Each structure stands twice: as C-alpha cells, then as structure tokens.
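A.B. asks: Quick one: the structure is below, questions incoming.
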Amino acid sequence: MPNISRDEVAHLAQLARLAVTEEELDVFAGQLDQILDAVAKVSEVAGEDIPPTSHAVPLTNVFRDDVVRPGLSQAQALSGAPAAEEGRFRVPRILGEE
Amino acid sequence: MSDLTKLNAAELASKIQSREVSSVEVTQAHLDRIAEVDEYVHAFLHVDTEGALASARAVDADVAEGRAPKSALAGVPLALKDVLTTQGIPTTVGSKTLENWLPPYDATVTRKLREAGVVILGKTNMDEFAMGSSTENSAFGPTHNPWDLARVPGGSGGGSSASLAAFEAPLAIGTDTGGSIRQPGAVTGTVGVKPTYGGVSRYGLVAFSSSLDQAGPCARTVTDAAMLHEVIAGHDPLDSTSINAPVPPVVAAALEGARGDLKGVRVGVVKEFAGDGYQDGVLRSFEAAVEQLRALGAEVVEVSCPAFTYALPAYYLIAPSECSSNLARFDAMRYGLRVGDDGEHSAEEVMSLTREKGFGAEVKRRIMLGTYALSSGYYDAYYGSAQKVRTLISRDFDSAFEKVDVLVSPTTPTTAFKIGERVDDPMAMYLADLCTIPSNLAGNAAMSVPSGLSDEDGLPVGLQIMAPALADDRLYRVGAAYEVARNDAAGGSLVHRVPSLEAPK
Chain A
674 MPNISRDEVA HLAQLARLAV TEEELDVFAG QLDQILDAVA KVSEVAGEDI
724 PPTSHAVPLT NVFRDDVVRP GLSQAQALSG APAAEEGRFR VPRILGEE
Chain B
44 MSDLTKLNAA ELASKIQSRE VSSVEVTQAH LDRIAEVDEY VHAFLHVDTE
94 GALASARAVD ADVAEGRAPK SALAGVPLAL KDVLTTQGIP TTVGSKTLEN
144 WLPPYDATVT RKLREAGVVI LGKTNMDEFA MGSSTENSAF GPTHNPWDLA
194 RVPGGSGGGS SASLAAFEAP LAIGTDTGGS IRQPGAVTGT VGVKPTYGGV
244 SRYGLVAFSS SLDQAGPCAR TVTDAAMLHE VIAGHDPLDS TSINAPVPPV
294 VAAALEGARG DLKGVRVGVV KEFAGDGYQD GVLRSFEAAV EQLRALGAEV
344 VEVSCPAFTY ALPAYYLIAP SECSSNLARF DAMRYGLRVG DDGEHSAEEV
394 MSLTREKGFG AEVKRRIMLG TYALSSGYYD AYYGSAQKVR TLISRDFDSA
444 FEKVDVLVSP TTPTTAFKIG ERVDDPMAMY LADLCTIPSN LAGNAAMSVP
494 SGLSDEDGLP VGLQIMAPAL ADDRLYRVGA AYEVARNDAA GGSLVHRVPS
544 LEAPK
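Listed in order, the protein sequences are those of chains A and B. Everything in the first sequence is counted per our numbering, starting at 674 for the first residue and increasing by one. Everything in the second sequence is counted per our numbering, starting at 44 for the first residue and increasing by one.
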C-alpha cells in the first residue's frame with residue numbers, strides 16, 4: 674500500500690498553494706511515495722528516550738538594545754513589488770465574490 | 044588562456060600588492076576567460092563587468108597611493124553563488140520566481156567581500172533554491188563540468204565549483220545545506236569548506252533550510268580557501284544564529300599544515316562510508332589518501348558512527364520541512380514573480396498560480412514533502428523522528444571526537460555523473476550527498492580536498508575531512524598537509540590537469 678495517495682498529494686499542493694497540473698499529480702504521487710518509503714527508516718532508531726534536536730548549535734533568544742537602526746526606505750521596500758500603488762503594495766482582491 | 048588565470052589567489056594578491064600586476068589586469072584576464080569559455084561551461088548567471096572593474100580600480104588606487112590593503116585578498120576576483128543578495132545586481136537563486144529581482148540590500152558575506160577589496164566578477168549558477176546535487180535544477184539551464192562537459196559539476200553550487208575548475212575565477216563562495224559546497228568541490232577537483240554552522244552569517248542568504256544552511260569558501264588550494272574563510276567569517280548581529288566567538292585561526296593552520304607534518308594528529312576513518320553504492324575508483328582514491336595521511340605521521344584508526352546511515356533519510360525530512368516554511372514567503376505580494384493578477388483571480392489564486400509557474404519540479408516536491416512531514420498525524424513519525432536522528436548523529440560525532448581529532452571519508456560515493464542521468468530519479472540524485480549530510484545535521488565543520496582521479500574514469504575524487512564545531516582550523520591543517528603531499532607525489536596540483544576548454548568537442 675502506498676504511503677501517500679494521489680488525492681493526498683492534491684490536498685498537500687492546495688495547502689502549499691501550488692496550482693499543480695493533473696500530470697504533475699501523477700508524477701509527484703509516485704515520487705513522493707518512493708521518497709517517503711526511503712525516509713520512513715528514521716523511525717527505526719527514534720526511541721522514546723531520545724530528545725529531539727531542532728538546531729545544531731543550542732542558542733537561547735538573542736536580544737539587541739531597543740534602539741532605532743537604519744532600515745530600507747519605502748522606495749527600496751517597494752522596489753521589487755509586482756505592483757505598487759500610492760506607496761503601498763497593491764494586492765489582488767482578498768475577499769470572495771459573495 | 045592568460046597566465047594570470049592559472050595563478051592561485053594568494054599569488055595574485057601578492058603580485059597586486061607588489062605592483063607586479065594590477066587588479067584591473069587580473070580582473071580583465073578573468074572576464075576575458077569567462078567570455079571565452081562560459082558559453083560551454085555556463086558557470087555564471089550574471090557577469091558584472093563594470094562593477095568588477097570599478098572594484099579593481101579602487102584596489103589599484105590604494106596600491107598606487109601606498110594605503111594599507113583592505114585585506115590579504117584585496118584585488119583578487121571571486122565568483123559569488125547566486126543565493127547571496129547583492130544590492131542592485133540580480134539575485135535569482137536559480138529560480139524563475141526571482142528572475143528579475145534586484146535586491147535592495149547586500150548579504151553580510153557580500154558586504155564583507157566588498158570591504159575586503161575582493162572583486163566580485165558575477166553570480167554563479169545553482170540548483171533552484173540550492174535544492175539539488177547537480178545544478179540541473181537551475182531554471183536557467185545546467186552548468187557543465189570542465190573535466191567533461193557532458194557531466195554535472197555537482198550541486199547545488201555547481202556554478203561556483205565549475206568557475207574554479209574552468210579558471211574563470213580563483214575564488215568562489217558556495218553555500219552548504221547538505222553538501223552543496225563539498226560535493227561540487229569533489230567532482231571538479233577543487234577545495235570546498237563548510238564552516239561550523241553559525242561561523243559565517245546567513246544574513247542575505249536566501250533561506251532554504253535555516254538550521255542547516257551555511258556559506259563557505261571555495262578555491263583551488265587549501266590556503267586560498269583559508270584566506271577567504273577569514274574574510275567572510277565572524278559574528279554578525281543581523282543573524283541571530285551567528286556564533287559570538289573568535290574565528291578559528293584557519294590561515295595559520297593551513298600554513299602550519301603545508302609544512303607537511305601531521306605527527307600526533309589522530310584521524311578516524313568512518314567505517315559506515317564504504318561498501319555498496321561506492322564506486323571502486325573512489326574507494327581506491329580514498330584508501331590512497333588515508334595511506335598518505337599515515338605517511339605524514341597521522342595515527343589512523345577506524346571509527347564507527349552507526350547513526351550516520353540514518354542521516355540521509357533524516358535530512359530529506361528536516362530540509363524539506365524547513366523549506367516548506369521558508370518558501371512560503373514567495374507569495375507574489377511583495378517581490379518576485381506574480382502570475383494571474385487580472386482583476387478576476389483572488390490573492391490566494393494568484394499565489395497558487397505564481398508558485399506553480401515560478402517553482403521547478405524539485406522545489407515543488409520538497410515543499411509538498413515538507414508540508415506532509417509537518418502535518419498533524421504524521422509529524423511524530425516523520426519530522427519528530429528525524430529530529431531524534433539528528434541527536435543520535437551529534438552523539439556519534441561527540442564520541443568519535445573523544446578518540447580522534449578529525450574524521451575522514453570519501454566526499455561523495457561516485458565521481459561526476461552524466462547530465463540527465465539522475466533527473467527523473469530523485470532518490471538516486473539524493474545519494475550524492477550521502478557522506479556530506481551528517482556534518483550539516485550536527486553543525487560541525489567539514490572540507491573536501493581533491494584526492495586525485497578515479498582510476499576507472501579519470502574523473503576527480505574528493506577526500507572529506509570533518510572536525511568538531513569551532514575547530515575549523517583542524518580541517519585546514521590536515522587538508523593543507525595532505526594537499527602538499529598529494530601534489531608532491533603526483534607532480535602537481537590536480538585541477539591544473541583539467542582539459543583545455545578553448546576548443547570543446
């Protein structure tokens with residue numbers, strides 16, 4: 674039985690905001706299944722008593738003094754925007770039709 | 044080919060300071076070489092001719108007016124991987140998503156290079172978002188290995204490694220998340236170093252997997268790599284994971300190593316990195332390298348690191364998980380590509396259409412794999428278990444480094460494979476990083492140094508050296524000693540045996 678079905682891949686693509694094609698779904702479902710099969714090996718050695726590591730170098734929160742420092746100007750921040758209007762990012766509509 | 048492009052960085056820097064040659068002449072020689080051969084190699088995505096010559100002129104002015112050099116590498120050209128931001132100069136990360144993006148700021152690595160008077164020639168090709176082992180995942184076409192143009196130069200930093208082997212640049216910057224500096228170094232006969240995680244700032248490094256990504260030096264000699272390491276390393280308040288500790292004395296260590304004495308140095312051979320899946324010629328080259336280390340006076344012992352065999356699967360859960368989160372920022376709203384903004388499609392639809400169009404297949408695969416590994420119901424079995432494996436790998440390193448000073452292995456199981464050979468088989472592609480991944484997961488320092496040509500195919504092989512976190516200097520001492528001994532035995536450096544590219548087949 675596969676680890677992951679074509680429908681699950683379609684759901685993942687939707688969660689990840691990827692408008693994948695039908696052909697891609699076929700290819701990705703097979704490949705993701707193969708990859709998951711190989712990586713599932715990690716559970717063989719992941720005993721209850723082993724603490725997880727999220728980061729190689731343990732660090733606690735790093736703070737700086739709360740002082741104003743130079744940042745990007747408004748023009749710089751907007752310089753790469755796909756669309757800008759009145760000094761702001763212009764975005765497509767965010768509400769539904771109804 | 045101009046003789047200037049055959050020299051290493053240390054030689055060029057010294058000739059520039061002694062006014063034997065100007066930085067403009069050196070820079071122009073490399074720009075000419077790029078113009079001559081890059082249509083066959085395709086190491087560069089962008090060449091900044093004007094910017095490079097302007098930086099070179101500034102260094103020449105310093106020399107003419109007797110000002111102290113900005114660094115030991117002032118005036119020396121460098122190829123910068125296109126994953127580090129450069130203000131006003133394209134930074135594409137090998138992706139259509141950022142094809143036309145001009146960053147409004149410099150990465151810390153870029154800033155340090157500029158402040159050191161290093162001449163940035165341009166930006167090098169890479170697998171999209173640094174995801175890949177062959178540079179075939181670049182949206183702008185693959186890079187070709189100068190040793191055999193039909194083969195890959197490794198990845199993700201194949202543009203950087205190929206630029207060195209093609210003598211288009213004496214220095215390059217790479218980034219290493221699972222081996223993307225060391226593996227390209229190995230298959231092109233060049234030197235690549237992944238510093239200790241946190242040793243070089245990630246500010247302005249377009250993030251793939253933030254707990255693993257690390258920028259580092261690429262060069263044709265160990266000493267050149269050490270000199271570049273010193274320029275780019277050091278604490279940076281703009282990267283909260285940057286280590287606030289002095290940079291290890293890497294240049295001094297390389298110079299000490301080059302004297303050719305490793306008496307008292309304990310070297311551990313990782314038992315797990317041999318056997319099935321390893322090319323015979325790679326293993327023979329590795330065994331010869333170990334013999335050479337022994338001849339230099341090192342004590343060689345075998346060390347077992349059983350968790351290392353779980354490193355590859357753990358990596359292919361952790362890196363995709365972090366990437367699925369990091370790449371969420373490419374939402375078509377603030378910068379980069381936007382597709383489908385026609386007044387009809389909603390913001391969410393525009394995001395999905397843009398990401399579908401802007402990302403290549405490997406990036407999509409990893410985003411979905413990471414989304415899956417982090418989703419509720421699967422989190423513990425996949426991502427959670429991978430994090431535990433990470434602990435086990437660190438423990439294996441810790442116990443190994445109680446017994447030895449450095450560990451060694453082949454850098455990669457095979458020599459450079461043919462372009463196209465593995466593109467449809469993700470798992471086969473992933474195996475190229477089998478030996479390099481443990482040091483990314485544990486965060487320690489590691490280097491690849493050329494160990495000769497594989498006897499069955501005549502292609503370069505790399506020796507990997509691994510050292511504890513913050514002991515990067517050990518890599519340079521052992522690497523430089525080995526390099527000198529190998530070059531002496533072989534009658535010269537490996538990379539100078541690369542075929543001429545002037546008349547490609």
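Virtual Cβ for every residue (Gly too), placed ideally from N, Cα, C. Please read all numbers here as calculations on a predicted model, not as lab measurements.
In three-state terms, what does DSSP make of Lys-155(B)?
C.D. replies: Looking at Lys-155(B) - three-state DSSP - the assignment turns out to be helix.
A.B. asks: Quick one: what does DSSP say Lys-431(B) is sitting in, helix, strand or coil?
C.D. replies: Three-state result, Lys-431(B): helix.
A.B. asks: For Thr-167(B), which beta-bridge partners are listed by DSSP?
C.D. replies: The partner list for Thr-167(B) (beta bridge, DSSP) reads Phe-87(B), Lys-124(B).
A.B. asks: Taking the beta carbon of His-539(B) as the centre, do at least 16 other beta carbons fall within 10 Å, making it buried, or is it exposed?
C.D. replies: Classification for His-539(B): exposed.
A.B. asks: Would you give the residue range spanned by the beta strand (DSSP E) that Leu-339(B) belongs to?
C.D. replies: It is not in any beta strand (DSSP E) - Leu-339(B) carries neither H nor E in the DSSP assignment.
A.B. asks: When the distance is taken between beta carbons, is Lys-407(B) closer than 9 Å to Leu-380(B)?
C.D. replies: No, these two residues do not count as a Cβ contact at 9 Å.
A.B. asks: Does Ser-727(A) have its Cβ less than 9 Å from a Cβ in chain C?
C.D. replies: Within the model displayed, chain C is absent; protein chains A and B are what it includes.
A.B. asks: Which stretch, first to last residue, makes up the beta strand (DSSP E) that contains Ile-216(B)?
C.D. replies: Start and end: 214-218.
A.B. asks: Could you give the DSSP three-state label for Pro-147(B): helix, strand or coil?
C.D. replies: The answer is coil: DSSP assigns Pro-147(B) none of H, G, I, E or B.
A.B. asks: Which chain A residues sit within Cβ distance under 8 Å of Pro-469(B)?
C.D. replies: Result: Gln-704, Gln-707, Ile-708.
A.B. asks: Among Asp-739(A), Ala-683(A), Gly-760(A), which residue has its Cα nearest to the Cα of Asp-699(A)?
C.D. replies: Of the candidates Asp-739(A), Ala-683(A), Gly-760(A), the one whose C-alpha sits nearest the C-alpha of Asp-699(A) is Ala-683(A).
A.B. asks: As a quick exercise: from Asp-385(B), Ala-459(B), Val-69(B), pick the residue whose alpha carbon is nearest that of Pro-196(B).
C.D. replies: With distances taken between Cα atoms, Pro-196(B) lies closest to Ala-459(B).
A.B. asks: Rounded to a whole number of angstroms, what is the C-alpha to C-alpha distance between Leu-326(B) and Arg-763(A)?
C.D. replies: Rounded to whole angstroms, Leu-326(B) to Arg-763(A) spans 57 Å at the Cα level.
A.B. asks: Put Glu-330(B) into one of helix, strand or coil per three-state DSSP.
C.D. replies: If DSSP states are grouped into helix, strand and coil, Glu-330(B) belongs with the helices.
A.B. asks: Please state whether DSSP places Ile-462(B) in a helix, a strand or coil.
C.D. replies: Correct three-state label for Ile-462(B): coil.
A.B. asks: Rounding to the nearest angstrom, what Cα-Cα distance links Ala-53(B) and Gly-160(B) in this structure?
C.D. replies: Cα to Cα, the separation comes out at about 14 Å.
A.B. asks: Which of the three DSSP states is assigned to Met-174(B) in this structure?
C.D. replies: The answer is coil: DSSP assigns Met-174(B) none of H, G, I, E or B.
A.B. asks: Check whether the region 313-326 of chain B touches the region 755-762 of chain A, counting contact only when three or more Cβ pairs, one atom from each stretch, lie closer than 8 Å.
C.D. replies: With a cut-off of 8 Å, the region 755-762 of chain A and the region 313-326 of chain B do not count as touching, because too few Cβ pairs lie within range.
A.B. asks: Nearest to Asn-676(A) by CA position, among Gln-707(A), Leu-685(A), Ala-689(A), is which residue?
C.D. replies: Comparing Cα positions, the closest option is Gln-707(A).
A.B. asks: In the region 475-515 of chain B, which residue ranges form an unbroken beta strand (DSSP E) of at least 3 residues, counting only runs that do not cross its ends?
C.D. replies: Counting whole runs of 3 or more residues, the region 475-515 of chain B contains the beta strand (DSSP E) stretches 488-496, 503-510.
A.B. asks: Below 7 Å CB to CB, which residues in the same chain sit around Ser-543(B) once its five sequence neighbours on both sides are set aside?
C.D. replies: Around Ser-543(B): no qualifying Cβ.
A.B. asks: Thinking C-alpha only, which one of Thr-284(B), Ala-205(B), Ser-428(B) is nearest Ile-361(B)?
C.D. replies: Selected option, being the one with the closest Cα: Ser-428(B).
A.B. asks: Please classify Val-693(A): does DSSP put it in a helix, a strand, or coil?
C.D. replies: Val-693(A): coil per DSSP, three-state reduction.
A.B. asks: Quick one: what's got a C-beta closer than 6 Å to Ala-19(B)'s C-beta in the same chain, skipping five residues either side?
C.D. replies: Given a span of 44 to 548 for chain B in the structure shown, any question on residue 19(B) remains unanswerable.
A.B. asks: Alpha carbon to alpha carbon, how far is Val-136(B) from Tyr-83(B)?
C.D. replies: Distance between the alpha carbons of Val-136(B) and Tyr-83(B) is about 21 Å.
A.B. asks: Using a C-beta cutoff of 9 Å, does Ala-692(A) count as contacting chain B?
C.D. replies: At least one chain B Cβ lies under 9 Å of Ala-692(A).
A.B. asks: Just list the beta strand (DSSP E) runs in the region 172-253 of chain B, keeping only unbroken ones of 3 residues or longer that don't cross its boundaries, in chain order.
C.D. replies: Within the region 172-253 of chain B, the complete beta strand (DSSP E) runs of at least 3 residues are 214-218, 234-237.
A.B. asks: What are the boundary residues of the alpha helix (DSSP H) that includes Pro-280(B)?
C.D. replies: Here Pro-280(B) belongs to no alpha helix (DSSP H), and DSSP marks it neither H nor E.
A.B. asks: With a threshold of 8 Å on Cβ separation, who are the neighbours of Ala-295(B) within its own chain once the five nearest residues in sequence on each side are excluded?
C.D. replies: Hits under 8 Å: Asp-516.
A.B. asks: Following the continuous beta strand (DSSP E) through Cys-261(B), name the residue where it begins and the one where it ends.
C.D. replies: Where Cys-261(B) is concerned, the enclosing beta strand (DSSP E) stretches over 258-262.
A.B. asks: If Gly-198(B) and Pro-227(B) are in contact, beta carbons under 8 Å, what's the gap, nearest whole angstrom?
C.D. replies: That belief holds up - the Cβ atoms of Gly-198(B) and Pro-227(B) are roughly 6 Å apart, short of 8 Å.
A.B. asks: By the criterion of Cβ-Cβ separation under 8 Å, what are the contact partners of Pro-147(B) in chain A?
C.D. replies: Neighbours of Pro-147(B) on chain A, chain order: Leu-745, Gln-749, Ala-750, Ser-752, Gly-753.
A.B. asks: Look at the alpha carbon of Ala-512(B) and the alpha carbon of Ile-132(B), and state the distance between them as a whole number of angstroms.
C.D. replies: The straight-line gap from Cα to Cα measures roughly 34 Å.
A.B. asks: When the Cα of Asp-219(B) is compared with those of Tyr-525(B), Pro-481(B), Leu-537(B), Val-527(B), which residue comes out closest?
C.D. replies: Considering only alpha carbons, the answer is Pro-481(B).
A.B. asks: Between Leu-705(A) and the rest of its own chain, which residues show a CB-CB distance below 7 Å, the 5 nearest in sequence each way excluded?
C.D. replies: Taken in chain order, the residues that qualify are Ile-677, Val-682.
A.B. asks: What are the residues of the region 391-404 of chain B that lie near chain A, defined by any Cβ-Cβ distance shorter than 9 Å?
C.D. replies: Here the close residues are Glu-391, Glu-392, Val-393, Met-394, Ser-395, Leu-396, Thr-397, Arg-398, Glu-399, Lys-400, Phe-402, Ala-404.
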